[in-house]
Amino acid sequence: MGFTSNLCLWITFCLHLCCFINTGKAQNAKEVILLDSKAQQTEMEWISSPPSGWEEISGLDENYTPIRTYQVCQVMEPNQNNWLRTNWIEKGDAQRIFVELKFTLRDCNSLPGVVGTCKETFNLYYQETDSEVGRNIRENQYVKIDTIAADESFTQGDLGERKMKLNTEVRIIGPLSRRGFYLAFQDVGACIALVSVKVYYKKCWSIIENLATFPDTVTGSEFSSLVEVEGMCVSDAEEEADNSPKMHCSAEGEWLVPIGKCICKAGFHQKGDACEPCGRGFYKSSSQDLQCSRCPAHSYNDREGSWRCDCEDGYYRALSDPPSVACTRPPSAPQNLVYNINQTTVSLEWSPPADTGGRNDVTYRIMCRRCSWEPEECVPCGGNVGYSPQQAGLVDTYVSVVDLLAHANYTFEVEAVNGVSDLSRTQRLFAAVSVATSQAAPSQVSEVIKERVQQRSIQLSWQEPELPNGVITEYEIKYYEKEQKDRIYSTVKSRSTSATVNNLKPSTAYVFQIRAFTAAGYGTFGPRVEVTTKEEASATIVSSEQNPVIIIAVVAVAGTIILVFMVFGFIIGRRHCGYSKADQEGDEELYFQCTKTYIDPETYEDPNRAVHQFAKELDASCIKIERVIGAGEFGEVCSGRLKLPGKRDTSVAIKTLKVGYSEKQRRDFLCEASIMGQFDHPNVVHLEGVVTRGKPVMIVIEYMENGSLDAFLRVSTFQCIQMLTVLFCCVQKHDGQFTVIQLVGMLRGIAAGMRYLSDMGYVHRDLAARNILVNSNLVCKVSDFGLSRVIDDDPEAVYTTTGGKIPVRWTAMEAIQYRKFTSASDVWSYGIVMWEVMSYGERPYWDMSNQDVIKAIEEGYRLPAPMDCPPGLHQLMLDCWQKERADRPKFDQIVGILDKMIRNPNTLKTPVGTCTRPISPLLDQSTPDFAAFRSVGEWLDAIKMERYRDNFTAAGYSSLESVARMSIEDVMSLGITLVGHQKKIMSSIQTMRAQMLHLHGTGIQV
C-alpha cells in the first residue's frame, strides 16, 4: 500500500510540473462541447467504485491554471477492477458522439516487482439512459467502446528530465437514441492519470449561401452520411424557379456544394447576403435581373423598392413594352402628302413624321370618306373600296386606293401611329387631301358560262359588268393551258357577250379570263374559269410512249448535277476524303467516306479561343444542378437538367471547377471541352456546352445513366465467381449477366467510336473500360480525353510524351518502353477492353504488379480467354496484342469483324465440352507447356502460386491429371480466399485442360 501511495504522489508531482506541455488544439468551430473536464476547476465528483480506486486530484496546466484530474495506480495487487463514471451527459440533438481522452501512463517495466499485475491499458464504456440513474455502478449495464492503450508511456527517467508523454485518443459513440448517457473508465491494474476528458459532437453551423439561410445542422449518425437541408430565402428574396436551395451537411461538419439558390425579388437587389430595396429613381423589374437600374427616359418614381417607373405626363408605355423601355408619345402627322389620280384609282405618297415619339414601330393607316358636292357631307367609303397593299399597318409611305366611283369627291386622311397612339388622350394628328375622280374603266366580268365544249374548241358567254362606267365597245378573252409553267397566253376579242375559242388541244385544261373595254380603257380581268376539252384517243397513245423517255432523261441529268455538287461540296471543305471498300459477306461494296480533321487546342496561342470555337457557351441559368454524383480531378461531378430556350429539358452530367482555381487549372479543365467539342458520333460522349463566363466554371455533357462500363459490368454480375459450375468450359447462362451477343454489341459500339476518332487523326492513350460510359439503352460511348493527343496525317507519326503516368495494364509495349502512342497502341488498349467486357469487369492481369506485367508482356505472355469467351473473340484480342504494331488490325477492320459475328451468331457459340481458350502460336509462347511439368509443385512455381504448394499436397492433389479435374469450388476449399488468385489458378487449370485435349485427343472426366 505504501508503494502505491508513493506512486500516486509521484504522478501528482508530475502533473504539477509538466503534464500539460501539449494541451491540444483550440476548439474546432464545428464542435459542440458536452463535457470538458479541463474547464472544470472545482471538484467534478465523478463516481469511483471502489472508492479506493480512482482518485480525483488537482493539477496545474502550463499557465498554472488549476484543473481537476483522476488517477489510479493499483499495480501491486492483482485482479484490479476499478471503475470511474462521469456525471450524466445530455446529448441534445446529437446521434454521433466523439470522446477525446488525454492521459499519461507509467511503463510497467520501470516499476519493480509488478510483473504479472501491472497493465498498460484501460477500458472505456458507456451507458445510454433517458435520465440520471443514481450513483451505483452496475457493470453489466455498460457497453464497451474500446480498450485504450498508450502510444507512449513514461519512466522514472522522464520525471528527472521534467518530460511527460501525453497520449491523446479519440473514440466515437453512435448512433445514440436516448436523451443522454454516462461514460465509464475501467482500470484493470495500470498506473494511469486521466488528464482531461472532452465529449463533443459535430454540427454544421448556420450560414447564408446564395441568399438562403441554412440553420445549425447536427451531422448524421454514420461517417458517410449526408444530411440534406432545405434553405430558407432571406427577407425580400424568393426561390429560383424549379431550383429550391439545398445543401448537404457532411459527417465532418462541413457544408457541401450548394444546389439551387434564392434571388432577390423585383424591386430589390443583392448586397452581400441580403436583399436591399432599390433607391428612389431606380427600379428592378424582375427577380432575374441582378442589379437595380436607373429609371429610363421620361419616367420617374419617388419610392424605394419599385419594380417599374411611372411615365411623365404626355408620355406612355405600351402593354408589350418592358419596364426597361423609355416612355414614349404618339408621332406627329406625316409630311408632304401628295396624290395621283388615274380614273378611279388614287395613289397617295407621303414622308415620315418629323417626330416619331421616340419609337421605331411607326406605321400608317388610311381613312377614306366620299363627300357630296355640299361641304361637310361625307360618309365612310365602305367595303367596296380596295387598298393596296392594305389600309392599316402600313410600313411603307405609299398606298393605292382602287375601285372608287367615277366622277366622285373623296377625302383621304393619313395618320401615323405607334405603340402608344391608342393610349394617348390628345387630339389625333394626320395629313389630309381631297380629290375628284374622272371617268373610270368598267368593272369586272364576273359571271362566265360554258355553252359548248368540243375536242378543239370551247364556246363561252357572260353578263355585262355591274358597273360599265360608259359604253362597252368590246371584250377581251385571255386563255392559257393550266399545266403550262411559263403561262404564255393568247387572246380573242368579241363585240358581244359570247365568243368561241378554236384551235385548242384535246383532253387539255384551259384557264379563261374576260375584261371589258370603254372609252376610259380596259377594266380588270374577271375571275379565272377552268374548262377541259374532250379526249382524243390517238393523242393519248403518243403521249404515253414519249413521256417516260423524257422523264428518264430529265431525272438522269438532275441526278448527275446533284452528284457533282455533292462531290464539290466535300472537296472544298477541310476534310480528308476518299473511297474505301467494305467487305460485306464476301462481297465488296464501294462507299465514299469523309472525315473531319482534329485540331489540337494546344496549338492555339490563346486556349480560351479554342474553347469558344469548339464548345457552345451556355447560360448558367439554363442549368439546374440536382445532386453530387462523384468527384473529379478539378472538382465535383453532378447530375442535373439542361433547359435551352425552345427545347425540352434534358438530363446532363456537369463537371465543375472547384473554387480557388489557378489559371492553369482552368485552362487544363476546359481543354477536355475543346477536344470533346470537335467530336460528333453516337459512340463518343456528346458535349452540350460550357459555362466560362460565370461561377462555377462548368463542362456540361450528356448524362449516361449506367455510368462507367467496368463498374456496370461488375454490378450486373455480383459474386459471379460463385456462379461457375464444374463444367468450366461450357456455355452458361446466369441471371444478371448479359448474352454474348449483347456484349459483342457493346464492343462493336466502342470500336465504332474509336474508328471515328482514329479517322480524325486522334489518339486516345487511355482507352479502358473505366473510360467508357453506358447509357440506359446499353449504348457504349468513349469518354475521358484527358490523356489524349493528336497525331499527324502520316500513319507512322507518333506522339512522344514528356513524362506523366501511363496505365500500364492497358498500354502497348512500344508505348510503355518508348512512350510513343499511335492508333495502333489504342488498338492494343481496345483488346484489353474486350477482355474486361468478356470477364465482366475483372482487373487485367489480376494482382500482378506493374513491373511483373511489363516483364510478362516482354516475354510474350498474353491474357488467357475469359470464362465462356467465344474463340473468335479471344483470337481478335490476341491480334490486337501483336508485338509489332503494324501487324495489329485497324479499327475499321475490327468493326467489320464484329459486324460479321453479330450477323452470324453461330460464330459466338462455345462448343460444349471444349475449352473456350483457343490454342494459337502467340498464346503458346506465353503459356507453360504442361506436358513438361513433372509435379504439381513445378506447375505452381511456373504460375507464381508456389505459396499454395502445401494446400494442394494436404488436399491430396498429387498429379496434374487430378488438378485438371478441379472446379472453382475445389480451389476455394483449399483455403485460397483471394479472388485474383482463384481466377489465376482456374485460368491456368483451364489452359491445362485444353492442352491435354489438344495433345492427347481425350476428354477429361469431371
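Under mature numbering (1 follows the signal peptide of the UniProt record, and there is no 0), the residues of the sequence shown are numbered -26 to -1, 1 to 980, in order. Quick reminder that beta carbons are idealized off the backbone N, C-alpha and C, glycines included. Predicted, not measured: the structure shown is a model, and the values here were computed from it.
By DSSP, does residue i sit in helix, in strand, or in coil?
i	result
K118	strand
D593	coil
T78	strand
D10	strand
G255	coil
residue 1005	Residue coverage of the chain in this structure runs from -26 to 980, which leaves residue 1005 outside it and unanswerable.
S799	helix
Y99	strand
L264	coil
D853	helix
I780	coil
V674	strand
R42	strand
I446	coil
T965	helix
I573	coil
I790	helix
I462	coil
M960	helix
K874	helix
R688	helix
Between residue i and residue j, what straight-line distance do the alpha-carbon atoms span, to the nearest angstrom?
i	j	result
K65	R109	19 Å
S962	Q825	21 Å
V714	S799	26 Å
Y313	R339	16 Å
A938	V945	11 Å
D276	L185	27 Å
A830	P781	16 Å
K555	D866	With a pLDDT of 35 at K555, under the threshold of 50, the modelled position of this residue cannot be trusted; read the value that follows with caution. Near 11 Å, if we compare the C-alpha coordinates of D866 and K555.
F499	I488	5 Å
E920	I828	21 Å
Q433	V466	12 Å
C236	P219	7 Å
Between residue i and the rest of its own chain, which residues show a CB-CB distance below 6 Å, the 5 nearest in sequence each way excluded?
i	result
T506	A483
K93	V162, G163 and A164
K239	D210, E212 and S261
G651	F588, A589 and L661
Is residue i near the ligand GTP, judged by its Cβ being under 7 Å from some heavy atom?
i	result
Q639	In the structure shown, the ligand GTP is absent, as is every other ligand, since no ligand is present at all.
Candidates the options: which alpha carbon is nearest residue i's?
i	options	result
E510	S431, A124 and L441	S431
S294	R333, A328 and E323	R333
V807	S325, M720 and L478	M720
R59	R80, N37 and W28	W28
V375	Y361, N383, I649 and A366	Y361
W62	I41, V737 and L9	L9
M18	S26, E30, P24 and P25	E30
E213	W229, I233 and S195	I233
S195	N217, M678, D35 and E226	E226
E202	V171, D210 and C178	C178
R343	E387, P251 and Y156	E387
I181	V320, R268, D642 and L230	L230
For residue i, which residues from the same chain have a beta carbon less than 7 Å from its beta carbon, with the 5 sequence-adjacent residues on both sides left out?
i	result
D853	R862 and P863
E126	K139 and N141
P879	I715
Y677	S613, S625, V626 and A627
S435	I423, E425, T471 and S472
E278	P251, C252, G253 and R254
Identify, in the order they occur along the chain, each residue of the same chain with its Cβ nearer than 8 Å to the Cβ of residue i, setting aside the five sequence neighbours on each side.
i	result
E600	I233, C612, S613, G614 and R615
S750	E679 and N680
I876	I715, V718, G719 and R722
E810	L683, D684, L687, A742, A743, E816 and P818
D190	K177, C178, W179 and S180
Runs of 4 residues minimum, wholly inside the stretch 709 to 767: which ones carry the alpha helix (DSSP H) assignment?
714 to 733
In chain order, each beta strand (DSSP E) run of at least 3 residues that lies wholly inside the stretch 388 to 433:
404 to 410 and 422 to 427
Quick one: complete beta strand (DSSP E) runs, 3+ long, within the stretch 598 to 667?
610 to 616, 624 to 630 and 661 to 665
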